[in-house]
């Protein structure tokens with residue numbers, strides 16, 4: 090009531106947000122989290138010019154969403170929340186600290202199909218791509234933006250194909266920039282996988298994207314989620330084009346077949362990783378040249394081992 094009575098007074102809203110922060114960590118506050126979220130986003134929207142209020146508001150929203158996740162509370166976030174966050178992004182497009190907070194929020198929100206659809210409706214993709222171009226060095230921002238792109242690209246609702254196509258070079262740039270950062274690379278690989286599934290890559294992008302994904306595997310072979318995402322993206326590319334298949338076996342840094350064998354030996358006891366490796370192998374055998382290379386690498390021995398190890402799958 091206090092916040093609603095003084096919407097137009099920035100100082101009142103700022104103090105109220107600070108006051109709410111003290112309640113959020115208390116489990117008794119769980120039933121009120123949706124109301125808190127509504128109040129905070131309205132305050133942020135009303136005072137979008139205030140950088141401090143935006144930072145405090147985003148920090149508290151992150152705390153609320155984290156608490157909700159921990160307690161298995163479903164937060165139904167409507168279009169007002171996504172619209173408010175997008176207003177913040179557009180008003181403070183050069184503030185790196187605030188954008189890192191907002192992008193983390195967008196990633197958490199986009200896990201919900203309804204929220205992902207709201208983000209699509211308010212036109213978030215051009216803003217995400219602009220943020221990535223301007224802050225390519227920022228690991229947190231890249232991780233979050235790629236996560237949102239993945240959610241939007243795998244959504245059942247049709248996202249503008251031209252917009253998604255424009256995301257491919259930016260996502261590839263993220264992957265190139267952060268190859269040694271496993272967490273960011275995982276997120277970028279998943280985004281590229283989703284984009285390739287939607288047919289967003291052009292023929293000119295098949296070969297360099299294949300090479301990038303091989304590099305991602307080469308640099309981070311110990312990360313199961315990354316291996317899964319990279320294998321899915323590679324499988325999608327090989328399904329689309331023989332160009333990708335040829336690059337896969339002739340890459341100057343080493344054959345993709347050897348990388349797949351190494352990945353299997355690292356993760357042979359992880360059924361999900363092995364399943365995704367098998368999906369990639371299934372696409373590899375489409376091409377005669379790849380099959381010849383597979384035979385020379387004795388891949389039949391690996392396949393036999395997989396069959397013995399997972400007889401019921």
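In this note's numbering, the protein residues as written are 90 to 402. Built from N, CA and C at the ideal position, the CB exists for glycine as well. Bear in mind that the values here come from a model prediction, so they are computed numbers and not experimental data.
Cβ of residue i within 9 Å of Cβ of residue j?
i, j, result
"residue 348", "residue 310", "yes"
"residue 182", "residue 227", "no"
"residue 188", "residue 148", "no"
"residue 257", "residue 231", "no"
"residue 336", "residue 300", "yes"
"residue 132", "residue 110", "no"
"residue 134", "residue 169", "yes"
"residue 172", "residue 203", "no"
"residue 400", "residue 359", "no"
"residue 209", "residue 152", "no"
"residue 382", "residue 346", "yes"
"residue 357", "residue 389", "no"
"residue 384", "residue 353", "no"
Skipping 5 residues on each side, what residues in its chain have a beta carbon closer than 6 Å to that of residue i?
i, result
"residue 252", "214"
"residue 178", "191, 216"
"residue 180", "137"
"residue 324", "368, 369, 372"
"residue 144", "187"
"residue 142", "103, 136"
Please return the same chain residues whose Cβ sits closer than 7 Å to the Cβ of residue i, not counting the five positions on each side in sequence.
i, result
"residue 315", "271, 274, 275, 278, 305, 309"
"residue 205", "199, 240, 241, 244"
"residue 217", "234, 237, 238"
"residue 260", "235, 238, 277, 280, 281, 284"
"residue 162", "119, 122"
"residue 331", "376"
"residue 265", "301"
The alpha helix (DSSP H) that contains residue i, what's its start and end?
i, result
"residue 357", "Neither: residue 357 is in no alpha helix (DSSP H) and is coded neither H nor E."
"residue 166", "Unbroken run through residue 166: none, as it is neither H nor E."
"residue 329", "313-329"
"residue 77", "Since the first and last residues shown for the chain are 90 and 402, residue 77 lies out of range."
"residue 149", "140-159"
"residue 102", "99-113"
"residue 282", "271-286"
"residue 342", "Looking at the DSSP string, residue 342 is not in any alpha helix (DSSP H), and its letter there is neither H nor E."
"residue 255", "250-266"
"residue 123", "122-135"
Which residues in the same chain as residue i place their Cβ atom closer than 8 Å to its Cβ, once the five residues preceding and following it in sequence are excluded?
i, result
"residue 37", "With the chain represented from 90 up to 402, any question about residue 37 goes unanswered, as that position is not in the structure."
"residue 380", "373, 374"
"residue 139", "99, 103"
"residue 267", "228, 231, 273, 274, 277"
"residue 326", "285, 290, 295, 298, 299, 302, 333"
"residue 307", "342, 343, 348"
"residue 249", "214"
Is it the case that the segment 143-158 contacts the segment 119-127, given that we only count it when at least three CB pairs across the two stretches are under 8 Å? yes
How about the segment 316-325 and the segment 363-373: do they share at least three Cβ pairs that are nearer than 8 Å? yes
Going along the chain, which unbroken runs of the alpha helix (DSSP H) with 4 or more residues stay wholly within the segment 169-235? For the segment 169-235, whole alpha helix (DSSP H) runs of length 4 or above, ordered along the chain, are 185-199, 202-210, 214-223.
Counting only runs of 3+ residues fully inside the segment 358-393, write out the beta strand (DSSP E) ranges in chain order. Counting whole runs of 3 or more residues, the segment 358-393 contains no beta strand (DSSP E) stretch at all.
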